[in-house]
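Chemist: The structure follows.
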Ligand SMILES: Nc1ncnc2c1ncn2[C@@H]1O[C@H](COP(=O)(O)OP(=O)(O)OP(=O)(O)O)[C@@H](O)[C@H]1O
Ligand SMILES: [Mg+2]
C-alpha cells in the first residue's frame, strides 16, 4: 500500500513566531489602532496605547501586525515609521529594556555607568540621526510597570517631532492603567486603551480554518475537526492553545500515516498537551459512569467527535445487555450524563428538547479509555478488585 499523503505541509505557519497576513475577527480592533496611529503621526504627534487581553487573545499578533502595517504604509508627516519590539518578560527593568531599545536604533552602550536619562539621550540622538517615527512595542509589560517604571513616563514624554518621535504600545494580560504613575496616566486616557475580548468558539473555528488552510494539505481536515478543536479551546478563548491542538493532531495523524486528521487525533493531542483526566480520577467514577463513558468511547472510536444522546442511550443499553447487567432507566442515564458533564468528562449540547442533545468527549483518546474501562468493568463484574 502506498503511504498516505502528509497532513502537515507548512509546519512553520503554525509556529508561534509566524505572523499571519491577517487576523480573523480582529479586523475592527486592528483598523481602529491603525487609524489612531496614522492620524496622530500624520499630524506629527506621537500616540500611545495600552493593549489588554487574556492569554492567546491575539495581543502580540495584533501589535506586530499593526507595526508592520504602519511601516509599510509609507511616510507620515514626512517621516518613515519604524518599530522596536521588546518582550519585557525577562527584562523587567528600565535599564535592560533601554539597552534593547538602543540596539534597535543601532547604538550600543556598555551596560554600566550610564543613568537612565543619559541612555535616553543617546537613544534620542540615535533617532535624530535617522529621523523616523519610532513605535516602541513593550510586550509583557506587567512586571515592568508594576515595578514603578520611569521609562514609560520618559518615553511617553519625548516630543521632538521634527526629527522623529517616539510612540508606545504597552501590552499586558491585565489592565496596567492602575499601576501607571499619575504623570503617565495622562498619556493613556480612554481613547488610548484597547481590550481584546476572549475568542468564542465560532471565532476560534474561523481562526483555525484560516491557519489550517495555510499549514495543512487540502482535504486532510474537515470543519467537524476544526469545530472540535474550537470547542475544546473555547472555555479559555485562547487561540494559541487551539493552534497547538491543531498542530498536535496533525502530527498525530502524520505519525500514523493516516492521511487526514480524525477526532481521535484531536483527543490524543489534547491528552498530551493537557493531561486533564488522571487514572486516579477514572478510579473514582461509579460503575454507571464508567459504562456510559465506555459506550461513548466505543461509539466515537475513529468516528466523529460527538453523537446524539439517543443513540448513546441505545448503545449503552446494548452494552449492559452484553455485560448481563440490569437495564438503566432513562432518568438514571440522564443523571449519569449530567454527572459526567459536571466532572468535565463529556460536553452536552442541548438542542431544544433534552432528547436531541449531542454528547461529545474530548478528554481522552477513545482507544485508551476503552482499554481502561473494559479492564475495570471486567474486574467489577467478576467481583475482583
Ligand atoms: N485573529 C487571529 N487570526 C489568526 N491567528 C491568530 C489570531 N489571533 C491569534 N492568532 C494566533 O494565535 C496565537 C496566539 O496569539 P498571540 O500570541 O498574539 O496571543 P497573546 O494575546 O499575545 O497571548 P499571551 O498573553 O500568551 O502572550 C499566535 O500564533 C497567533 O498568530
Ligand atoms: Mg503575547
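Residue numbers (this note's numbering): 29 to 413.
Cβ coordinates follow ideal geometry from the N, Cα and C atoms, glycine included.
#1: Count the other CB atoms within 10 Å of the CB of residue 341; is the residue buried (16 or more) or exposed (fewer)?
#2: Taking all protein chains shown into account, decide if residue 272 is buried (16 or more other Cβ within 10 angstroms of its Cβ) or exposed.
#3: Within a Cβ cutoff of 7 angstroms, which residues of the same chain sit near residue 216, ignoring the five residues on either side of it in sequence?
#4: Please determine whether the Cβ atom of residue 260 lies at a distance below 7 angstroms from any heavy atom of ligand 1.
#5: Rounding to the nearest angstrom, what Cα-Cα distance links residue 184 and residue 199 in this structure?
#6: Near ligand 2, which residues have their beta-carbon closer than 6 angstroms to a heavy atom?
#7: Does the beta-carbon of residue 238, which I'm using as the reference point, lie nearer than 7 angstroms to any heavy atom of ligand 1?
#8: Take residue 93 and list the residues in its own chain whose beta-carbon comes closer than 7 angstroms to its own, dropping the five residues that flank it on each side.
#9: What is the DSSP secondary structure of residue 377, counted as helix, strand or coil?
#10: Taking DSSP as the reference, what is the three-state secondary structure of residue 81?
#11: Would you kindly report the start and end of the unbroken beta strand (DSSP E) that includes residue 335?
#12: Return the Cβ separation of residue 195 and residue 65 in integer angstroms, given the expectation that the two are a contact with Cβ distance under 8 angstroms.
#13: Could you tell me if residue 251 is buried or exposed, where buried requires 16 or more neighbouring beta carbons within 10 angstroms of its beta carbon?
#14: Have a look at the DSSP bridge pairing and note the partners of residue 113.
#15: Given a cut-off of 8 angstroms, decide if residue 404 and residue 324 are closer than it, judged by their beta-carbon atoms.
#16: Any chance the segment 284-304 sits against the segment 341-358, with 3 or more Cβ pairs inside 8 angstroms?
#17: Please determine if the segment 84-92 and the segment 261-271 are in contact, where contact requires at least 3 C-beta pairs separated by less than 8 angstroms.
#18: Taking a contact to mean a Cβ-Cβ separation below 8 angstroms, would you say residue 231 touches residue 254 in this structure?
#19: According to the neighbour-count rule (16 or more other Cβ atoms, all chains shown, within 10 Å of its Cβ), is residue 226 buried or exposed?
#20: Would you kindly work out how many angstroms separate the C-alpha atoms of residue 220 and residue 56, rounded to a whole number?
#21: Give me the Cα-Cα distance between residue 100 and residue 161, rounded to the nearest whole angstrom.
#22: Looking at the unbroken alpha helix (DSSP H) that takes in residue 3, where does it start and where does it end?
#23: Give a yes or no on whether the C-beta atoms belonging to residue 165 and residue 197 are separated by under 8 angstroms.
#24: I want to check one thing, is the minimum distance from the CB of residue 271 to the heavy atoms of ligand 1 below 7 angstroms?
#25: Tell me the DSSP secondary structure of residue 388 in three-state form.
#26: Shorter than 7 angstroms, the distance from the beta carbon of residue 174 to the closest heavy atom of ligand 1, or not?
#27: Is the beta carbon of residue 385 less than 8 angstroms from the beta carbon of residue 337?
#28: Mind reading off the beta-carbon distance from residue 2 to residue 387? Whole number of angstroms is fine, and I expect it under 8 angstroms.
#29: What is the DSSP secondary structure of residue 132, counted as helix, strand or coil?
#30: Taking the beta strand (DSSP E) that residue 198 belongs to, which residues open and close that run?
#31: Helix, strand or coil for residue 175, going by three-state DSSP, please let me know.
#32: Ignore the nearest five residues each way along the sequence and tell me which others in residue 236's own chain have a CB closer than 8 angstroms to its CB.
#33: Less than 8 angstroms between C-beta atoms, sequence neighbours within five positions excluded: which residues of the same chain meet that for residue 88?
#34: Please name the residue or residues paired with residue 223 in a DSSP beta bridge.
#35: By the three-class DSSP mapping on this structure, what secondary structure does residue 371 have?
Modeler: If we stick to the structure as given:
#1: buried
#2: buried
#3: 76, 78, 205 and 208
#4: No, ligand 1 has no heavy atom inside 7 angstroms of this Cβ.
#5: 15 angstroms
#6: 87, 88 and 167
#7: Residue 238 has its Cβ nearer than 7 angstroms to a heavy atom of ligand 1.
#8: 47, 51 and 58
#9: strand
#10: If DSSP states are grouped into helix, strand and coil, residue 81 belongs with the strands.
#11: 334-336
#12: About 7 angstroms separates the CB atoms of residue 195 and residue 65; that is less than 8 angstroms, so the two are in contact.
#13: exposed
#14: Residue 113 pairs with 165.
#15: no
#16: Counting Cβ pairs under 8 angstroms, fewer than three are found: no touch.
#17: yes
#18: No, they are not a contact pair.
#19: buried
#20: Cα to Cα, residue 220 sits roughly 15 angstroms from residue 56.
#21: 13 angstroms
#22: Given a span of 29 to 413 for the chain in the structure shown, any question on residue 3 remains unanswerable.
#23: Yes, the pair counts as a contact, with Cβ atoms nearer than the cut-off.
#24: yes
#25: strand
#26: no
#27: yes
#28: Outside the displayed span of the chain (29 to 413) sits residue 2, for which this structure offers no information.
#29: helix
#30: 192-200
#31: Assignment of residue 175 by DSSP, reduced to helix, strand and coil, places it in the coil class.
#32: 254, 257, 258, 270, 271 and 274
#33: 167 and 199
#34: 80.
#35: Coil at residue 371, not helix or strand.
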